[in-house]
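Some notes on the structure that comes next.
Number of protein chains: 2
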Amino acid sequence: MPAIKSRRAPTKGDQREQALLDAARALFQEKSIGKVTIDELATAVGIARSGFYFYFESKQALLAALCDQSIGENDEEMAEWLDSDGHDRDALRRGLRRSLDRWRVDGRWLRELFLAPDPGPDVHAVRERFFTKNNMAFCERIRRDVAAGASVAGPPELLARMVLGLRVITFAHYFEFPEAFTEDEMLETLTEATLRMIYGTTTDQR
Amino acid sequence: MPAIKSRRAPTKGDQREQALLDAARALFQEKSIGKVTIDELATAVGIARSGFYFYFESKQALLAALCDQSIGENDEEMAEWLDSDGHDRDALRRGLRRSLDRWRVDGRWLRELFLAPDPGPDVHAVRERFFTKNNMAFCERIRRDVAAGASVAGPPELLARMVLGLRVITFAHYFEFPEAFTEDEMLETLTEATLRMIYGTTTDQR
DNA sequence: CTTTGTTTTCGACACGGTGTTGAGAATCGC
DNA sequence: GCGATTCTCAACACCGTGTCGAAAACAAAG
Chain S
245 MPAIKSRRAP TKGDQREQAL LDAARALFQE KSIGKVTIDE LATAVGIARS GFYFYFESKQ
305 ALLAALCDQS IGENDEEMAE WLDSDGHDRD ALRRGLRRSL DRWRVDGRWL RELFLAPDPG
365 PDVHAVRERF FTKNNMAFCE RIRRDVAAGA SVAGPPELLA RMVLGLRVIT FAHYFEFPEA
425 FTEDEMLETL TEATLRMIYG TTTDQR
Chain H
245 MPAIKSRRAP TKGDQREQAL LDAARALFQE KSIGKVTIDE LATAVGIARS GFYFYFESKQ
305 ALLAALCDQS IGENDEEMAE WLDSDGHDRD ALRRGLRRSL DRWRVDGRWL RELFLAPDPG
365 PDVHAVRERF FTKNNMAFCE RIRRDVAAGA SVAGPPELLA RMVLGLRVIT FAHYFEFPEA
425 FTEDEMLETL TEATLRMIYG TTTDQR
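Chains as they are written, first to last, in this note's numbering: chain S, 245 to 450; chain H, 245 to 450.
Structure (structure tokens):
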């Protein structure tokens with residue numbers, strides 16, 4: 245039940261639709277979303293500008309579809325750590341590394357999407373869906389830790405959002421100044437900071 | 245030596261310039277920056293749209309001026325904590341509260357400015373100036389703590405940026421869902437998280 | 001109170017991106 | 001082959017930006 249697309253059904257020109265999404269991914273990685281014109285997207289897949297509107301109602305709608313598509317990919321990244329218990333530093337770090345790898349490909353527009361103050365109703369809806377979903381998983385994890393006696397820094401719902409936000413911010417900074425730190429340094433710091441927020445101290449392990 | 249303005253000198257119509265800045269502040273708080281048209285800004289101060297360009301080269305330029313103006317205001321907020329040593333939880337918290345109070349007024353556009361992936365060259369320059377300045381102060385503070393034996397979570401330069409980023413993200417979240425948490429809860433969590441990132445644990449005080 | 005020069009205002013224009021429409025081409029099932 | 005759906009595109013209307021040059025407002029002398 246895709247409520248977003250401007251067309252209804254299942255045909256051959258769906259290739260074009262996917263092609264547009266792929267082209268968008270690529271273009272959004274070079275330029276900021278606002279600077280990519282619909283004309284560019286259309287030409288990239290070999291149709292006229294006005295033809296774009298057969299597939300999507302607007303750039304907004306395309307963006308929402310893209311975001312939608314990306315949510316699924318995100319789910320598995322953190323699963324390992326989310327399913328485990330206690331610090332499990334290594335699992336967390338692996339998760340963050342997987343996440344980082346995706347940001348290498350889609351970082352620019354992901355960042356723009358996640359941080360934009362008001363990205364139109366379409367995107368906002370999809371994004372909020374992502375956040376709540378992601379947050380629920382984290383909350384669950386944190387609550388389990390609380391039950392086991394962890395000294396968390398604040399209410400699980402808030403903490404979850406902060407942890408997610410910190411990740412986004414840190415990645416964004418890393419890609420803006422890749423020379424400033426090594427990947428390992430950055431991941432280590434992020435892991436450590438996350439654990440500290442939840443467990444109060446991490447000077448025991450490692 | 246204002247290098248940003250499109251006009252050279254010191255006259256009476258400077259009132260208009262300031263009026264435009266004030267109008268912009270107000271409008272940027274209601275709508276996202278992109279949605280505010282130059283026409284709106286002009287009409288708000290009672291001139292024709294094309295008259296705007298006498299005062300600023302573009303919305304960009306106005307934004308840069310606004311940002312510029314805001315940097316000074318930010319300086320004092322954290323001074324107390326930055327000048328102190330060790331945890332000094334109360335000073336940190338007071339600083340964060342002061343910061344929050346400013347966000348109450350200018351939060352929307354500050355957020356947009358700080359988080360935008362590429363806000364044109366003008367703004368980018370001003371913003372980077374702010375970040376480095378802010379970061380230097382934090383780095384200094386953290387390095388002093390390291391010297392005193394604090395177990396920081398990573399390289400001071402990175403940590404400083406993360407702490408600042410976390411603040412922005414958390415405030416943004418708070419203002420988007422003001423009902424979800426009380427102000428005190430939010431500030432407390434943010435304070436605690438910040439301290440944990442720097443000192444490893446904070447279960448001793450408070 | 002003119003004259004002269006500077007400061008400020010604005011209408012008219014050119015440009016570029018968006019979104020719509022309606023007519024025609026391609027494609028597919030039968 | 002021949003309808004019906006699926007797809008394509010040129011032409012148009014719209015809106016926001018930025019530029020220009022002519023004129024109005026103003027100030028400071030003369």
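Think of the CB as a built atom: it goes at the ideal place given N, C-alpha and C, for glycine as much as any other residue. For clarity, every value in this text was computed on a predicted model and none was experimentally measured.
Review point. Below 7 Å between beta carbons: does that hold for leucine 340 of chain H and leucine 434 of chain H?
Key: yes
Practice item. Report the neighbours of serine 276 of chain S on chain H: residues whose CB is nearer than 7 Å to its CB, in chain order. Key: Within 7 Å Cβ-Cβ: Pro361 and Asp362.
Point to revise | Whether valine 396 of chain S touches leucine 402 of chain S by CB criterion (7 Å) | key: no
Review point. Around the Cβ of alanine 416 of chain S, are there at least 16 other Cβ atoms within 10 angstroms (buried) or fewer (exposed)?
Key: buried
Review point. Hey, valine 289 of chain H and arginine 260 of chain H are a contact pair by Cβ (cut 8 Å); roughly how many whole angstroms apart?
Key: 6 Å
Check your understanding: So does the stretch 300 to 313 of chain H actually touch the stretch 382 to 392 of chain H, counting three or more Cβ pairs closer than 8 Å?
Key -> Verdict: no, contact absent.
Check your understanding: Among S:Glu436, S:Ser314, S:Leu359 and S:Ile442, which has the Cα closest to the Cα of proline 399 of chain H?
Key -> S:Glu436
Review point. According to a CB-to-CB cut-off of less than 7 Å, which residues of the stretch 404 to 421 of chain S neighbour chain H?
Key: Arg405, Met406, Gly409, Leu410, Ile413, Thr414 and His417
Exercise for review: Evaluate the contact criterion for the stretch 334 to 353 of chain S versus the stretch 340 to 354 of chain H: three or more CB pairs, one atom per stretch, below 8 Å.
Suggested key: no
Check your understanding: At a Cβ threshold of 7 Å, is aspartate 448 of chain S touching chain H?
Key -> In this prediction, aspartate 448 of chain S scores a pLDDT of 38, lower than 50, which makes its location untrustworthy; the coordinate-derived value is nonetheless stated afterwards. Output row for aspartate 448 of chain S: interface = no.
Point to revise | Cα-Cα separation, alanine 270 of chain S to glutamate 320 of chain S | key: The alpha-carbon atoms of alanine 270 of chain S and glutamate 320 of chain S are separated by roughly 23 Å.
Check your understanding: When DSSP labels each residue in this structure, what does lysine 275 of chain H get in the three-state scheme?
Key -> coil
Check your understanding: In three-state terms, what does DSSP make of proline 365 of chain S?
Key -> helix
Exercise for review: Could you give the DSSP three-state label for methionine 322 of chain H: helix, strand or coil?
Suggested key: coil
Exercise for review: Can you give me the Cβ contacts of alanine 360 of chain S inside the same chain, cut-off strictly under 8 Å, excluding the 5 residues immediately before and after it?
Suggested key: Excluding sequence neighbours, alanine 360 of chain S sits near Val367.
**Study point:** Min CB distance alanine 437 of chain S to chain H below 7 Å
**Key:** Alanine 437 of chain S counts as touching chain H.
Check your understanding: DSSP state of cysteine 311 of chain H, grouped into three classes?
Key -> helix
Check your understanding: Are arginine 296 of chain S and alanine 305 of chain S touching if we call contact CB-CB under 7 Å?
Key -> The identity of residue 296 of chain S in the sequence shown is phenylalanine, whereas the question assumes arginine. No, these two residues do not count as a Cβ contact at 7 Å.
Check your understanding: Just the Cα atoms here: how many angstroms apart are glycine 364 of chain S and valine 412 of chain S?
Key -> 21 Å
Check your understanding: Taking just the CA atoms, how far does methionine 441 of chain H sit from valine 390 of chain S?
Key -> 19 Å
Practice item. With DSSP as the reference, label isoleucine 386 of chain H as helix, strand or coil. Key: helix
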